[in-house]
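Protein chains: 2
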Amino acid sequence: MSDFEQHKRRPFVRKVPEGDDRERRVCADCGFIDYENPKIVVGSVATWEDRILLCRRAIHPRKGFWTLPAGYMEVNESAAEGAAREAWEEAFARLEIETVLAVYSIPRISQVQVIFRARLTSPDIAAGPESEEVGLFGWDEIPWDEIAFPSVHWALNHFDEVRGQTGFAARFNPPGETGDY
Amino acid sequence: MSDFEQHKRRPFVRKVPEGDDRERRVCADCGFIDYENPKIVVGSVATWEDRILLCRRAIHPRKGFWTLPAGYMEVNESAAEGAAREAWEEAFARLEIETVLAVYSIPRISQVQVIFRARLTSPDIAAGPESEEVGLFGWDEIPWDEIAFPSVHWALNHFDEVRGQTGFAARFNPPGETGDY
Numbered sequence: 049m050s051d052f053e054q055h056k057r058r059p060f061v062r063k064v065p066e067g068d069d070r071e072r073r074v075c076a077d078c079g080f081i082d083y084e085n086p087k088i089v090v091g092s093v094a095t096w097e098d099r100i101l102l103c104r105r106a107i108h109p110r111k112g113f114w115t116l117p118a119g120y121m122e123v124n125e126s127a128a129e130g131a132a133r134e135a136w137e138e139a140f141a142r143l144e145i146e147t148v149l150a151v152y153s154i155p156r157i158s159q160v161q162v163i164f165r166a167r168l169t170s171p172d173i174a175a176g177p178e179s180e181e182v183g184l185f186g187w188d189e190i191p192w193d194e195i196a197f198p199s200v201h202w203a204l205n206h207f208d209e210v211r212g213q214t215g216f217a218a219r220f221n222p223p224g225e226t227g228d229y
Numbered sequence: 049m050s051d052f053e054q055h056k057r058r059p060f061v062r063k064v065p066e067g068d069d070r071e072r073r074v075c076a077d078c079g080f081i082d083y084e085n086p087k088i089v090v091g092s093v094a095t096w097e098d099r100i101l102l103c104r105r106a107i108h109p110r111k112g113f114w115t116l117p118a119g120y121m122e123v124n125e126s127a128a129e130g131a132a133r134e135a136w137e138e139a140f141a142r143l144e145i146e147t148v149l150a151v152y153s154i155p156r157i158s159q160v161q162v163i164f165r166a167r168l169t170s171p172d173i174a175a176g177p178e179s180e181e182v183g184l185f186g187w188d189e190i191p192w193d194e195i196a197f198p199s200v201h202w203a204l205n206h207f208d209e210v211r212g213q214t215g216f217a218a219r220f221n222p223p224g225e226t227g228d229y
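Order-wise, the sequence lines are chains A and B.
Here the first sequence is numbered in this note's numbering, starting from 49 and rising by one per residue.
Here the second sequence is numbered in this note's numbering, starting from 49 and rising by one per residue.
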């Protein structure tokens, strides 16, 4: 059992450990430090032929708006496995993950998004419990006015920029907190 | 104050929330769910001219072995800021981050590594508290037999593969838990 597992049920206090420069969660019994880290969202721009998979959110925030299949990475999975799992949970879509399209950081909410480029292995999709509906959209059919989050805009546009390219750099956030979109 | 901030000091229990499929940390007072996520390591392959910055570890694990400047990302910073911070803390090196070199997943320890390609803005470096010594190494001078972790091998070799290229795909782990190195 890991140190972390052993301490899941113990009392924690917040203090600056010796040699450190910021407050941490520290086990009041033995001094084990439970570092707080940013959370990783994994997702994909996944296509069937030229059409992109989007999901209309059935949950808050941004219920009713369209998003890419994406969500919090779980423990004991790879980033790519997590992106494939989210596509299955939200759209019953099976993916072949190709490569990293982009890595976005949103420091305000301590979040990192790893977005993959992927292909659907079949066009059979259906709304999962967190989606009101799902669809495959040609570029000109994307409901641009009903997109849930800035990073969905970023990822769609980065995807379009590198469409058909097999060697392209993973991308950073565009400038500005919302990427000037 | 965020939900998470409000609950930092409250009692948590472990149970499967309604509609979920796995055990979570849940606030015993109000049901707030504190999801556990993989941790993000941010680091860089950083060069001055043709030489690569390496740090000899002054701490466990793998004390005395050489590694890239890298460490756990902190809350409220971007991945690139974190990589630059680690280079400063471990080697008093100032970086210009260029792009994402690789995204490695290590599901066994629930870790994701985001490794950047970067340039030092000056060759002035010095060992920080977590380094026994630091150095700038030409490719043929790298102490290959004293490298701390498989992912350091991966990143160095991925760096070499794309050296001089301005458009290259971010990389995944090589096959196998240690990347067949």
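Beta carbons: idealized from backbone N, C-alpha and C, even for Gly.
Starting from residue i, find everything on chain B with Cβ-Cβ shorter than 7 Å and list it in chain order.
i	result
A/A127	V151, S153 and V160
A/V93	By Cβ distance, chain B contributes nothing, its closest Cβ being about 14 Å from A/V93, past 7 Å.
Is the Cβ of residue i closer than 8 Å to any Cβ of chain B?
i	result
A/K87	yes
A/F39	With chain A represented from 49 up to 229, any question about residue 39 of chain A goes unanswered, as that position is not in the structure.
A/V182	no
A/S179	no
A/H108	no
Less than 8 Å separating the beta-carbons of residue i and residue j?
i	j	result
B/A139	B/V90	no
B/R70	B/V64	yes
B/V148	B/V162	yes
B/E84	A/V123	yes
A/H206	A/R219	yes
B/F164	B/A131	yes
A/A76	A/L143	no
B/G119	B/E180	no
B/Q159	B/P222	no
A/S92	A/I145	yes
A/D208	A/W187	yes
A/P155	B/E125	yes
B/V151	A/V151	yes
Taking Cβ positions only, does residue i come closer than 8 Å to chain A?
i	result
B/E84	yes
B/V74	no
B/M49	Caution applies to B/M49, whose pLDDT of 42 falls short of 50 and renders its modelled position unreliable; the value that the coordinates give is listed next. No, B/M49 lies away from the interface with chain A (no Cβ there is under 8 Å from its Cβ).
Can you pull the chain B neighbours of residue i, defined as C-beta to C-beta under 9 Å?
i	result
A/V148	V148, A150, V151, A217, A218, R219 and F220
Could you give the C-beta distance for residue i and residue j, rounded to a whole number, given that I count them as a contact under 8 Å?
i	j	result
B/F185	B/L102	6 Å
B/A135	B/P117	4 Å
B/L168	B/W114	Wrong, their Cβ atoms sit about 17 Å apart, outside the cutoff.
A/E178	A/I107	5 Å
A/G212	B/G215	At roughly 13 Å, the Cβ-Cβ gap does not stay under 8 Å, so A/G212 and B/G215 are not in contact.
B/I100	B/I157	That belief does not hold up - the Cβ atoms of B/I100 and B/I157 are roughly 25 Å apart, past 8 Å.
Interface residues of chain A around residue i at Cβ under 8 Å?
i	result
B/V64	Residues of chain A passing the Cβ test: none, with the nearest at roughly 14 Å.
Would you say the beta carbon of residue i is closer than 7 Å to some non-hydrogen atom of the ligand PLP?
i	result
A/A217	Among the components modelled here there is no ligand, and therefore nothing to report on the ligand PLP.
Against chain A: residues of the region 195-227 of chain B by CB proximity under 7 Å: Taking 7 Å as the Cβ-Cβ cut-off, the region 195-227 of chain B approaches chain A at G215, F216, A217, A218 and F220, given in chain order.
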